[in-house]
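Visitor:
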Amino acid sequence: MSTPKNSAAWLIKAGSSLQVGDAPLPTAGPGELVIKNAAVAINPLDCHMQDSGVFVQIWPAVFGCDVAGEVYEVGKDVERFKRGNRVIGHAINLTSGRPQDGAFALYTVIPANKAAILPDEISFTDGVVVPFALEAAVCVLSLKGPGVAMPGVATPALGLPYPSLQDVPSPGKTLVIYGGSSSVGSMTTQLATAAGIHVIAIAGAHNFEFSKRCGACQVFDRNDTSLADKVSDAVRKNGGEFVGIFDAIATPETYAHDIIILDQLGGGHLACVHPPPNIDLPANINAGMIFAVNNVATPVWEEYVTPALQSEKLQCLPPPFVVGKGLEHIQTALEQSKAGVSAMKLVVEL
Ligand SMILES: NC(=O)c1ccc[n+]([C@@H]2O[C@H](COP(=O)([O-])OP(=O)(O)OC[C@H]3O[C@@H](n4cnc5c(N)ncnc54)[C@H](OP(=O)(O)O)[C@@H]3O)[C@@H](O)[C@H]2O)c1
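Numbering-wise (this note's numbering), the sequence shown opens with residue 1219 and increments by one.
Now the structure itself:
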């Protein structure tokens, strides 16, 4: 059998367009898989990496976090997968820096503990919306102790249970999710709901139904002039324990609302997707920033994702929007992502 040729969408220098060119065919090390990608998804992180070169460790670079495809090679010590399995997985060039760990290629190496079998009924295009957002969501919800997100910034430690395949009795906890229509916000809504947490979301009025489909019990309009008061009232009315806020948007505007809500409710966690507000926060606000590569997600990858997709407890949301087919469409998809998306994940089929 002849060796297949690999290609990748390379970033030669920060701020330049990706260039499609040859790449070495990667091999699977211990605990790794090589995936023959059928679809990859775009994340805002990719846009930051392209524009500024942030997180790039090796030039030229191949980045990208989400892959769906078939297992091409299985590394030593991997028991859960075999060649030919249909999978989704989280590519971790972000932390390793290695080009072979970037999604934007025909073949990508991923850690086996960040992959799951994709049920036959689910297309690669749908499945690829899940991986990075899923790992981010677990990092929001289930870390038990603070770690380091970046120098001087701690990770949040909400210590909430993992999602369950069963309908679990509610532990009586409420979490506010700011950005219920975003990829990470909607996935966090799904996983928190599957752990029995009562989710109150904030989203654009046009995305209320979408956020509810992900499990939010109530959704408030991001443009409501009384937003903070209404969210605080809803949390009080729900009773039980207020866990805090996951801010999946993390801008000065959202932080201003977060601080009012937390003040009105006596404090709590403030988990953010970017560094928390750079001000002296009251002692009763426990702020942190997620860093979405963490083995806290391993049990979810190994035990939850496949059966939850099968039973539709885990939905492939936000829905994919296919920008094109072929590595050369990744550049267009990045530009579309920079222009902004609403409750959708940009996907390139390969
Ligand atoms: N630290 C980490 O490890 C980590 C991991 C993953 C992502 N991130 C960061 O998290 C952020 C979200 O990523 P993503 O992929 O989830 O984004 P995304 O899906 O591209 O977000 C787009 C959505 O955000 C909503 N939105 C924008 N501003 C809003 C506001 N003020 N209030 C409520 N909703 C608002 C939009 O709603 P409309 O439809 O109303 O416009 C849209 O539906 C990005 O900045 C990303 O870089 C960080």
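Ideal Cβ positions, reconstructed from N, Cα and C, are used throughout, including at glycine.
Please give me, in chain order, every unbroken run of the alpha helix (DSSP H) with length at least 4 that falls completely inside the segment 1466-1545.
Guide: If we require 4 residues or more, the alpha helix (DSSP H) runs fully inside the segment 1466-1545 come out as 1470-1482, 1523-1528.
Visitor: Determine the direct distance from the alpha carbon of Gln1482 to that of Glu1353, and round the result to whole angstroms.
Guide: Taking the straight line from one Cα to the other gives about 31 angstroms.
Visitor: Can you confirm whether the segment 1259-1271 touches the segment 1293-1300 when touching is taken to mean that 3 or more C-beta pairs between the two stretches lie within less than 8 angstroms?
Guide: Touching, no.
Visitor: Judging by CA-CA distance, which residue of Thr1313, Val1346, Pro1278, Ile1253 is the nearest neighbour of Glu1288?
Guide: Selected option, being the one with the closest Cα: Ile1253.
Visitor: Have a look at Glu1291, Gly1315, Ile1310, Leu1312 and flag the residue whose alpha-carbon is nearest the alpha-carbon of Arg1304.
Guide: Nearest of Glu1291, Gly1315, Ile1310, Leu1312 to Arg1304, Cα basis: Glu1291.
Visitor: Taking Val1446 as the reference, give the member of Ile1463, Pro1536, Gly1365 with the closest Cα.
Guide: Inspection of the sequence shows that residue 1446 is occupied by Ala rather than by Val. For the residues Ile1463, Pro1536, Gly1365, the minimum Cα distance to Ala1446 belongs to Ile1463.
Visitor: Give the straight-line distance between the Cα atoms of Cys1534 and Val1437, rounded to the nearest whole angstrom.
Guide: Whole-angstrom Cα-Cα distance: 20 angstroms.
Visitor: Relative to ligand 1, is the shortest distance from any of its heavy atoms to the C-beta of Thr1406 smaller than 7 angstroms?
Guide: For ligand 1, not one heavy atom lies less than 7 angstroms from the Cβ of Thr1406.
Visitor: Using three-state DSSP, classify Gln1436 as helix, strand or coil.
Guide: The answer is strand: DSSP assigns Gln1436 an E or B state.
Visitor: Considering only heavy atoms of ligand 1, does any lie closer than 7 angstroms to the CB of His1492?
Guide: Result yes, Cβ under 7 angstroms from ligand 1.
Visitor: Which partner residues of Tyr1325 appear in the DSSP bridge assignment?
Guide: DSSP, once it has assigned bridges, lists Lys1254 as partnering Tyr1325.
Visitor: Tell me whether Met1368 sits in a helix, a strand or coil according to DSSP, three-state version.
Guide: Three-state DSSP puts Met1368 in a strand.
Visitor: Taking the alpha helix (DSSP H) that Gly1403 belongs to, which residues open and close that run?
Guide: It spans 1401-1411 - the alpha helix (DSSP H) in which Gly1403 sits, taken as one unbroken run.
Visitor: Return yes when the C-beta of Tyr1380 is under 7 angstroms from any heavy atom of ligand 1, and no when it is not.
Guide: Not under cutoff, so the answer is no.
Visitor: In chain order, what residues of the same chain lie with their CB nearer than 8 angstroms to the CB of Asp1344, ignoring the 5 residues before and after it?
Guide: Closer than 8 angstroms at Cβ, skipping near neighbours: Cys1534, Pro1537, Pro1538.
Visitor: Can you find at least 3 beta carbon pairs, one from the segment 1270-1280 and one from the segment 1229-1243, that sit closer than 8 angstroms?
Guide: At 8 angstroms Cβ cutoff, the stretches touch.
Visitor: I need the straight-line Cα distance from Glu1520 to Ala1333, nearest angstrom please.
Guide: If I take the Cα positions, the gap works out to 8 angstroms.
Visitor: If you measure between the beta carbons of Val1327 and Glu1250, is that distance less than 8 angstroms?
Guide: Yes, Cβ-Cβ distance for Val1327 and Glu1250 is below 8 angstroms.
Visitor: Taking the C-alpha atoms as reference points, what is the distance between Val1274 and Ala1351?
Guide: Val1274 and Ala1351: Cα-Cα distance of roughly 20 angstroms.
Visitor: If you draw a straight line from the alpha carbon of Pro1379 to that of Met1368, how long is it in whole angstroms?
Guide: In a straight line, the C-alpha of Pro1379 is about 25 angstroms away from that of Met1368.
Visitor: Can you tell me whether Arg1440 is buried or exposed, with buried defined as 16 or more other CB within 10 angstroms of its CB?
Guide: Label assigned to Arg1440: buried.
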